[in-house]
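> Below you'll find the structure I mean.
Written out as structure tokens, the structure is:
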């Protein structure tokens, strides 16, 4: 979405089309992603999925951050698109633990031993879902604009 919105703004457009006004996404910086990979490589015992706790943003707020004052016509969701990103699914909740800055979904392998579960985590409730739409950490338009300064054009 960032390159798409930026290209429209650079072309002098005054409106940024929004798929669905309810749409949200997670924001992870390159540095945060690298740190997560390093953490997983150093702490994983085999088969776990590490998920960072990261902020969410509304697509409408992203549009405002890219082009303040732009009109935002809603164009409708396309087949296969999601309103929200889901990093821990309800199905994964049966094997997921929450830690201070991340979640770990442990594998469901016969050889996996519970003794490999890291200390300091709390098992999430059955049916828990980590979704960009229900996240408690949200970026404001101003915070998105600040983060956009470090996003390179590709």
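Numbering (our numbering), first residue to last: 2 to 155. Glycine is no exception: its CB is placed at the ideal position from the N, C-alpha and C atoms.
1) Could you tell me which residues DSSP pairs with residue 19 in its beta bridges?
2) Terminal residues of the continuous alpha helix (DSSP H) containing residue 146?
3) Among 63, 3, 113 and 99, which one has its Cα closest to the Cα of residue 125?
4) Taking the beta strand (DSSP E) that residue 26 belongs to, which residues open and close that run?
5) Measuring only from the beta carbon, is residue 27 closer than 7 angstroms to any heavy atom that is part of the ligand NAD?
6) Leaving out five residues before and five after residue 28 in sequence, what residues of the same chain have Cβ atoms less than 8 angstroms from its Cβ?
7) What did DSSP end up calling residue 97 once you bin it into helix, strand or coil?
8) Are the beta-carbon atoms of residue 25 and residue 60 separated by less than 8 angstroms?
9) In three-state DSSP terms, what is residue 110?
10) Does residue 77 get closer than 8 angstroms to chain B when you measure Cβ to Cβ?
11) Just the Cα atoms here: how many angstroms apart are residue 69 and residue 109?
12) Under the rule that 16 or more other beta-carbon atoms within 10 Å means buried, what is residue 5, buried or exposed?
13) Starting from residue 59, trace the beta strand (DSSP E) in both directions and tell me its first and last residue.
14) Less than 7 angstroms between C-beta atoms, sequence neighbours within five positions excluded: which residues of the same chain meet that for residue 93?
15) Return yes when the Cβ of residue 44 is within less than 8 angstroms of the Cβ of residue 90, no when it is not.
Taking the geometry as given:
1) Your numbering for residue 19 matches position 18 in the chain shown. Residue 19 pairs with 75.
2) Sequence index remark: in the chain shown, residue 146 carries index 145 (1-based). Segment 142-149, the alpha helix (DSSP H) holding residue 146.
3) Start at 1 with the first residue of the chain shown, and residue 125 comes out as number 124. The candidate whose alpha carbon is nearest that of residue 125 is 99.
4) Counting from one through the chain shown, the residue named residue 26 turns up at place 25. Here the beta strand (DSSP E) through residue 26 covers 25-27.
5) The model on display carries no ligand, and the ligand NAD is accordingly not part of it.
6) To locate residue 28, count along the chain shown from 1; it is residue 27. Closer than 8 angstroms at the Cβ level, and outside the excluded window around residue 28, lie 55, 56, 57, 58, 140, 145 and 148.
7) Position 96 of the chain shown, counting from 1, holds the residue named residue 97. Three-state DSSP puts residue 97 in a strand.
8) By 1-based counting over the chain shown, the position of residue 25 is 24. By 1-based counting over the chain shown, the position of residue 60 is 59. Yes, these two residues count as a Cβ contact at 8 angstroms.
9) If you number the chain shown from 1, residue 110 lands on position 109. The answer is coil: DSSP assigns residue 110 none of H, G, I, E or B.
10) Note that chain B does not occur in the displayed structure, where there is just one protein chain.
11) Numbered from its first residue, the chain shown carries residue 69 at position 68. Numbered from its first residue, the chain shown carries residue 109 at position 108. Going from the Cα of residue 69 to the Cα of residue 109 covers about 47 angstroms.
12) Working through the chain shown from its first residue, we reach residue 5 at position 4. With fewer than 16 Cβ atoms within 10 Å of its Cβ, residue 5 is classed as exposed.
13) Your numbering for residue 59 matches position 58 in the chain shown. From DSSP, the beta strand (DSSP E) with residue 59 extends over 57-59.
14) Here residue 93 refers to the residue found at position 92 when the chain shown is read from its first residue. So the qualifying residues of the chain are 106.
15) For the purposes of this step, residue 90 is identified with residue 89 of the chain shown, where counting begins at 1. For the purposes of this step, residue 44 is identified with residue 43 of the chain shown, where counting begins at 1. No.
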